């Protein structure tokens, strides 16, 4: 059953380069991925959202797809800005997209399903790719 809500995608920018530059591990939480894990858990708890893909407390979170029912993207803007600012404090940036649509609220272990499973997720993924090509470090509301 689909209900109205918001799809949120968060992806750390140029993360491979940053990991290499700073000597961080890719396989366990580092300052950025550990922080993003905590921030996502807080967002999901506050808004009663569902993580479809990407939350990884064991390795750290680099990218995540979240669905939040009965919430408009604009309602999330302050929280999304706070996530961006917290990540900047540890020296990384993120591209964040929040798209209004219908959400199914069923977690998936499959990246492709998380990004392309519905027309709204495909739109969010397209906007995420476009924003990252333009340099990232932005929040897109659609």
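Numbering (this note's numbering), first residue to last: -15 to 126.
Note that the Cβ used here is the ideal one computed from N, Cα and C, for glycine as well.
In this text, all values refer to a predicted model and were calculated from it rather than measured experimentally.
Closest option to residue -5, judged by alpha-carbon separation, among 19, -14, 58 and -11: 19. Per the Cβ contact rule, the stretch 79 to 92 is in contact with the stretch 37 to 53 (3 or more Cβ pairs under 8 Å). Cα atoms of residue 76 and residue 113: separation of roughly 18 Å, rounded to the nearest angstrom. For residue -5, the secondary structure class from DSSP, reduced to helix, strand or coil, is strand. Between the alpha carbons of residue 98 and residue 50 lies a gap of roughly 9 Å. By the C-beta density criterion, residue 100 is exposed, having fewer than 16 other C-beta atoms within 10 angstroms. Looking at 16, 42 and 55, the one whose alpha-carbon comes closest to that of residue 33 is 55. Ranked by Cα distance from residue 84, the options 68, 108 and 67 are led by 108. Taking residue 88 as reference, the option from 53, 48 and 21 with the minimal CA-CA separation is 53. Residue environment for residue -7: buried (at least 16 other C-beta atoms within 10 angstroms of its C-beta). In this chain, the alpha helix (DSSP H) harbouring residue 24 covers 15 to 31.
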